[in-house]
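In my numbering, the protein residues as written are 140 to 263.
Reading through the structure tokens given below for one structure.
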């Protein structure tokens, strides 16, 4: 009887350990939705898809997760900028997505530069 209890206890512990391991394995880090995947290096406008900048029509470059506020260099890892040695900042802390056009721009700007550009083009 004692052996049966011990076996049941050990199987229960192993089952709990397995469930915990599977739960940790399946947990995925939450994606940051405020990061543009592509960015125009001239206009500093971001987008989720590759293509041309809606303002200057230059091809957008693949954006890194981190950006240097000094020279604009991008990287996928935090640390100091290779060019000017300033600390890299997470791009999501600087960008906001426009609810009207869907492009990203500087968080500190009052108006979206893409929407502003479209308004100017309509007036002409």
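We put the beta carbon where it would ideally sit given N, CA and C, even for glycine.
- Counting C-beta pairs closer than 8 Å gives three or more between the region 197-210 and the region 226-237, which meets the contact rule.
- Beta-bridge pairing by DSSP links residue 228 to 206.
- DSSP places residue 188 in the coil class of the three-state scheme, outside both helix and strand.
- Around the C-beta of residue 253, 16 or more other C-beta atoms lie within 10 Å, and the residue is accordingly described as buried.
- Per DSSP, reduced to three states, the secondary structure at residue 158 is helical.
- The beta carbon of residue 174 lies closer than 6 Å to those of 230 and 231 in the same chain, with the five residues before and after it left out.
- Straight through space, the alpha carbons of residue 248 and residue 220 are spaced by roughly 24 Å.
- Sequence-distant partners of residue 200 (beyond 5 residues in either direction) whose C-beta falls short of 7 Å from its own C-beta, in its chain, are 177, 178 and 180.
- For residue 198, the three-state secondary structure derived from DSSP is strand.
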